[in-house]
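Residues in the first sequence are numbered consecutively from 18, following this note's numbering. Built from N, CA and C at the ideal position, the CB exists for glycine as well. Keep in mind the model is a prediction, meaning the values are calculated, not measured. Here is the structure we will look at, set down as structure tokens.
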Amino acid sequence: MPRENLTQKRERAAEIEQRMFEHYGEGACSLDHVDPFTLTVAVILSAQCTDAAVNKVTPELFARFGTPEAMAAASIEDIEAIIHPLGFFRSKAKNLKACAQTVLAEFGGEVPRTMVDLQKLPGVGRKTANVVMCQAFRDPQGIAVDTHVFRIAHQLGFATRNDDTPEKVEAKLMKIYPQPDWLYINHQWVHFGREFCVARRPKCQECFLADICPSSGK
DNA sequence: ATCCCGAGGG
DNA sequence: CCCTCTGGAT
């Protein structure tokens, strides 16, 4: 099969994006939150655990420490006790407190609105910063590549074996998809990754992209 | 046994 | 570049 060129990838991506909209709309964020700070907290907590598990602990967490002021003043032990069912609870608790302190000390109590400043917050890397820029500020500066997006990009043939880091996959996707689509790709693909393109055994027989996916049935 | 909306540190 | 942090679900 001849290698697909960039123009062809873009055309296929446009068709995929249209179908994603038909199935998932703009892709609702499945992490419960009420503002940029609680979204940032929820995304930090979501590393290596399911969103459902995060949503189970955030009601109590936000009730007690739902603002930068409250979180910055909280004890690490109290935060750990609440988020304990999640993975990496020690480092996450430390990061949440330091993150809140940084928001207060460096950014006047407001979650910053640029990729550079967001990534100055402890616990916030490129993926989390991308989610906050898209979901909270509607200002896409990149594409959040998590485990789902990473896997699906390879399955769809938009990334190669050589693209072995989230950064490389993100760069490929940013060339293929127009910037307005960056807002929706992460959430739509996460839903898609849970429903059809699951890691273990993709449900290609039922998948609505099977006819335009190079990995279908493999 | 493997996976889940990663980030920090060495 | 690698390693570590972590527990629950399937």
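Supposed close pair residue i, residue j - CB separation, criterion 8 Å
i, j, result
"VAL149", "PRO53", "6 Å"
"PRO183", "VAL162", "4 Å"
"THR75", "ASP49", "6 Å"
"ARG107", "GLU97", "6 Å"
Proximity below 8 Å, CB of residue i to CB of residue j
i, j, result
"ILE93", "LYS111", "yes"
"ILE202", "ILE160", "yes"
"ALA89", "LEU121", "yes"
"LEU113", "VAL51", "no"
"ILE8", "LYS26", "Outside the displayed range of the chain (18 to 235) lies residue 8, so it cannot be described from this structure."
"GLN152", "LEU56", "yes"
"ARG130", "GLN136", "no"
Cβ-heavy atom distance, residue i to the ligand GTP, below 7 Å
i, result
"ILE99", "You won't find the ligand GTP in this model; it holds no ligand whatsoever."
Contacting residues, own chain, Cβ-Cβ under 6 Å from residue i (five flanking each side not counted)
i, result
"ALA30", "ILE193, TYR194"
"SER47", "ASP68"
"PRO231", "GLY174"
"ALA176", "ALA170, VAL186, LYS189"
"TYR41", "GLN205, HIS208"
Cutoff 8 Å; reference residue i; Cβ partners in own chain excluding five residues on either side
i, result
"GLN65", "GLY104, PHE105"
"ILE33", "LEU173, LEU226, ILE229"
"GLN196", "PRO157"
"PRO139", "LYS111, ASN112, ALA115, CYS116, THR119"
"MET191", "GLY159, ILE160, TRP199"
"SER63", "LEU48, VAL71"
Sequence-distant residues of the same chain with beta carbon closer than 7 Å to residue i, five excluded per side
i, result
"ALA70", "PRO102, LEU103"
"GLY44", "TYR201, HIS204, GLN205, HIS208"
"ASP180", "VAL186, LYS189"
Worksheet item: On the three-pair Cβ rule with 8 Å, is the stretch 163-171 touching the stretch 185-204?
Response: yes
Worksheet item: Counting pairs of beta carbons, one from the stretch 72-89 and one from the stretch 106-126, are three or more of them closer than 8 Å?
Response: yes
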